[in-house]
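Peer 1: I'd like to ask some things about the structure below.
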Amino acid sequence: MTVISLRVNGEQVRADTEPGTPLLTVLRNYLGLKAAKFGCGQSLCGACTVWVDGCPTYSCDFPVEVVGDSEIRTLESLGTESEPHPLQRAFLDGQVGQCGYCLPGIIMRAAAYLRDHPAPSRADVAEALDPNLCRCGSHQRIIDAVLRAGRTGMP
Amino acid sequence: VNRSASLAANPLISSWLTVQEDGTVILRVGKVEFGQGIHTALTQIAIGELGLPPGKLVVAPPSTAGSPDEGFTAGSLSTQVSGAAVRAACATARRLFIETAAAKAGVPARSLSVIDGDIRTPEGEIVGSYGSLAGQVDLDFEAAEPSQETDGSAQPDLQRLDLPDKIFGRPRFIQDLELPGMLHARVIRPPLLRAVLREIPADACVSLAPSVQVVRDGNFLAVLSEREEAAAAAADALSQRVTWEPAEDLPDQSRLAAWLRAQPRETSVLANEQKDGRKRDGTVVRASYSRGLLAHASIAASCALARFDGRVLEVWSHTQGIYPLRGAIAGAFGMDQSDVVVRHVEGAGCYGHNPADDAAFDAALLARRTGGRPVRVLWDRAAELGSGPLASAMTADVSAEIGADGSVGNWTYDVWSNGYTSRPGYAGNPGLLANGYRHGGRPLPASVDPGSEAGLGSGRNAVPPYTFGSACVATHRVLSMPIRTSAIRSLGAHFNVFAIESFMDELAAAAGADPLAFRLALLDDERARAVISAAAEGAGWGQRREAAAHADTGLGLGYARYKNAGAFCAAVAEVEATESVRVRRIVVAVDVGQVVNLDGVRNQIEGGAVQAVSWTLKEQVRFGRDGITSLNWNTYPILRFSETPQVDVVVINRPGLPVVGAGECVAGPVAGAIANGLCAAIGVRVRALPLTAENVVQAIG
């Protein structure tokens, strides 16, 4: 067992783990951050998407020791119910989601995309979200919400 | 449908409601939430009947330790059946509280009303409240259905209760649940349903991390560890080393339709009607259609937790039926039902009988061997796509004779399929995957089909909705089941409506008729005609069909009344065919009777339509002789964002008419609409799903 030090959501944290453990497992099981989800463990569905140095990254087969000094951010740090991120407000306003299991990963990918592309087209947003899967068919509401958040302005 | 089935089984108000002294009401229901918004819809009904503000009513998580038994949450029946019971319990409770307040205040009960939980006189004086009278009203009282349906559409839609947790990333799913001291488990599975675990090399276990415990029970093999990553790594390592001997070969996938037709079967005649004895001397048209197996492909891997204290077995599960699962688990272990408690915790999207119950049994089986420590089982992606129940492959022959006047006679429809139900407890068998593997367990029986009172299974929507001179419809349920099948959203209706609606367009083409006018001429039901007309109008049927014909695109129409007794639904799809088939837009018109939660209906229709596009364009389970091979998202692709059509939904509200479910009605009409739109675009009829480039090329021949 090795103690690994990570920078997560603005704090320096430590976790007992073994090399090769996926970042997702460390976040969920050892740091209590349950927002990012396990979907496939193969970097194919995006349920586990978090930011590594601001870049949306699949965390389910990302070995934790590779993180190094990079800054990790998860949905928990994006906004709160009293101070929601514009995307979270747009998702609530649009009643977006059915089961909602894919949402944490999708919101993190969309937030990074809007940060870098302030006024995207519908087709741009759809393409940007392609690395993430949704099985309930909430795609249209998700895209609408991302477009709305883009229009209302990002922090 | 017996609308008060839930109420008949749980007639007392106290089964459904507890009124607390702070004025908060706890609502207990047996229907479970899986993202379809049912607890929001039931809350909306309850607060409307009680006269409570949102936030003063809490839905208790369903559990066999206190919730009413409402069987399975399935078949688009929850708003209808559970909604009727909740409405009755709440309306009767409201009456009892008003009567108690009236007696105390010495005023006539009928003069009082409830506003925001307070009982008021016409002058606005408060003479009591749910909170102040909580201890004085006996709720061990039989609930009666209100004489008048409240007009739910008059109330504003309640926002989904579960969404804030999901959007802010707060723990809510079963996958997020931790119990003190729990062990993580992974199960090592054979590549196909019937296989024998031959050998575990002696050194295979030695090489595992010392903290890992290996559990074998007959052909059931699992690993346990305090650390999840250690359990996952051990399962991966062990699965590479063990050998399974298949107990039977799987059929040849390229000849699946022929295989279905060649098996022993049970035939049911669903319709054999002679409406007119006319001789048409018309054109006889025949066609055969087919579809492969579909996977549930939930975005999460199934999960369950269990704890056994030596007497009581507690199970946490995202099952669709807490009571049936409890019965199946107790039956498998020979336990008393009262010693098994099943608690529901939300999982990811559930579209039918998925591995939730199997995962629960895995956890229960392991928890009986850990000396009281709780066990958490998580399936992996491969098992989720290959080891759980799948939707059966289907194939159908259709023929009909079309007269010069556009009338249709001699309609025959034969469909071959495995059964659509093998839920826990069916046919007296626990029906839980690991129970078929463990020592002394029972092999899983072949799936069966629900009866006509439940809307049938492989025969769901096999009877055409149109007025024909005669119609003969039969289902042939295949009795051999090398690949395990069970219920998926809409059961046989996705395929049957695809086949019937495709064939309707083939008949219209033979008659030289417009597909819209052809259908309307054969439909008497005003509600059917209304949804078809609304969908066609929304899609600009006339003009757009002309314009589309010149641009690699086509418009197609599909219609069905779900289960021939539920929601009326029509879809028009705009399909583009270039190097692949793409759906650009779908207009859906739906009539679900009286609408309870309008946005909830829209959300279900949008989601169901998009999922049906995915099934219809992309999905089929792939397998070789020795096992299923479509075990990840590359080999079992589903629709992605950039492939998703615009979906426009027209909801025709029918205040006062019975409420029917919305979750499943759209799959068949969308499949038919896409197939017909594709034919309109390329001039070739593709009769095999999915509508991949491969199947299009094969149809072009």
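Note that the protein sequences, when read in sequence, are chains A and W. Residue 65 in my numbering sits at position 65 of the first sequence, and the numbers go up by one each step. In my numbering, each residue carries its 1-based index in the second sequence increased by 1000. We put the beta carbon where it would ideally sit given N, CA and C, even for glycine. Keep in mind the model is a prediction, meaning the values are calculated, not measured.
1. Along the stretch 1344-1373 of chain W, where does the CB come closer than 7 Å to a CB of chain A? Name the residues.
2. Does DSSP classify SER1014 of chain W as helix, strand or coil?
3. Leaving out the 5 sequence neighbours to the left and right, which residues in its chain are closer than 6 Å to VAL1375 of chain W when beta-carbon positions are compared?
4. Could you say which of W:PHE1468, W:LEU1444, W:ALA1508 and W:ALA1487 lies nearest to SER1480 of chain W if we only look at CA atoms?
5. Is the Cβ of PHE62 of chain A closer than 8 Å to any Cβ of chain W?
6. Quickly, what does DSSP pair ALA1589 of chain W with across the bridge? List them, please.
7. Just mark GLY1436 of chain W as buried or exposed, buried being the case when its beta carbon has 16 or more other beta carbons within 10 Å.
8. Taking Cβ positions only, does GLY1035 of chain W come closer than 8 Å to chain A?
9. According to DSSP, GLN1213 of chain W sits in a beta bridge with which residue or residues?
10. So, is the C-beta of ASP116 of chain A closer than 8 Å to a C-beta in chain W?
11. Could you check where the beta strand (DSSP E) with ARG141 of chain A kicks off and where it finishes?
12. For LYS1031 of chain W and ALA1551 of chain W, I'd like the C-alpha separation in whole angstroms.
13. Taking 8 Å as the limit between beta carbons, can you name the residues of its chain near SER1211 of chain W, skipping five residues before and five after?
14. Just to confirm before moving on: does the CB-CB distance between VAL96 of chain A and ALA126 of chain A stay below 8 Å?
15. Between which two residues does the beta strand (DSSP E) harbouring LEU6 of chain A extend?
16. Buried or exposed: which applies to ASN1634 of chain W, given that a residue is buried once 16 or more other Cβ atoms fall within 10 Å of its Cβ?
17. From ALA1065 of chain W to VAL1497 of chain W, what does the alpha carbon distance come to, in whole angstroms?
18. When burial is assigned at 16 or more other CB atoms within 10 Å of the CB, is VAL1284 of chain W buried or exposed?
19. Have a look at ARG1265 of chain W and ALA1517 of chain W and give me their C-alpha separation to the nearest angstrom.
20. Go through its chain and collect everything with a Cβ distance to SER1288 of chain W's Cβ below 8 Å, but skip five positions before and after it.
21. Shortest alpha-carbon distance to GLU1021 of chain W belongs to which of W:ASP1118, W:ALA1088, W:TYR1130 and W:SER1004?
22. How long is the line joining the alpha carbons of LYS37 of chain A and ARG1625 of chain W, rounded to whole angstroms?
23. Give the straight-line distance between the Cα atoms of GLU1574 of chain W and HIS139 of chain A, rounded to the nearest whole angstrom.
24. Just to make sure I have the definition right: I need the residues of chain W whose C-beta is within less than 7 Å of the C-beta of CYS130 of chain A. Which are they?
25. Looking only at its chain, what residues have a beta carbon closer than 6 Å to the beta carbon of GLU1099 of chain W, apart from the 5 residues adjacent to it on each side?
26. Going by CA-CA distance only, name the one from W:SER1580, W:GLY1556, W:VAL1590 and W:ARG1545 that's closest to GLY1566 of chain W.
27. Does the stretch 1297-1306 of chain W come within contact of the stretch 1397-1415 of chain W, defined as at least 3 CB pairs closer than 8 Å?
28. Using a Cβ-Cβ distance under 8 Å, would LEU1012 of chain W count as near chain A?
29. Just mark VAL1206 of chain W as buried or exposed, buried being the case when its beta carbon has 16 or more other beta carbons within 10 Å.
30. With which residues is HIS1476 of chain W paired in a DSSP beta bridge?
31. If we define contact as Cβ-Cβ less than 8 Å, is ASN29 of chain A a contact residue for chain W?
32. From the DSSP output, read off the bridge partner residues of GLY1554 of chain W.
33. Name the chain A residues that come within less than 7 Å of SER1298 of chain W, Cβ to Cβ?
34. Relative to the alpha-carbon of LEU1390 of chain W, which residue among W:VAL1621, W:THR1018 and W:ASP1336 has its alpha-carbon at the smallest distance?
35. Leaving out five residues on either side along the sequence, give the residues of the same chain with a beta carbon under 8 Å from the beta carbon of ARG1286 of chain W.
36. Taking the alpha-carbon of ASP1276 of chain W as reference, which of W:PHE1468, W:GLU1033, W:GLN1594 and W:PRO1156 has the nearest alpha-carbon?
Peer 2: Taking the coordinates as given:
1. ALA1348 and GLY1349
2. helix
3. LEU1183, ALA1185, ALA1306, ALA1363, LEU1366 and ALA1367
4. W:LEU1444
5. no
6. W:ALA1570 and W:VAL1650
7. buried
8. yes
9. W:LEU1224
10. no
11. Careful: ARG141 of chain A lies outside any beta strand (DSSP E), inside the alpha helix (DSSP H) at 139-152.
12. 47 Å
13. SER1225, GLU1226, ARG1227 and ALA1230
14. no
15. 2-8
16. exposed
17. 41 Å
18. exposed
19. 38 Å
20. ALA1257, THR1395, ALA1396, ASP1397, VAL1398 and ARG1687
21. W:TYR1130
22. 34 Å
23. 18 Å
24. Going by the sequence as given, residue 130 of chain A is Asp instead of Cys. Here the neighbours are ARG1640, PHE1641 and SER1642.
25. ALA1109
26. W:VAL1590
27. no
28. no
29. exposed
30. W:THR1267 and W:TRP1416
31. yes
32. W:VAL1575
33. ARG135
34. W:VAL1621
35. ASP1397, VAL1398 and SER1399
36. W:PHE1468
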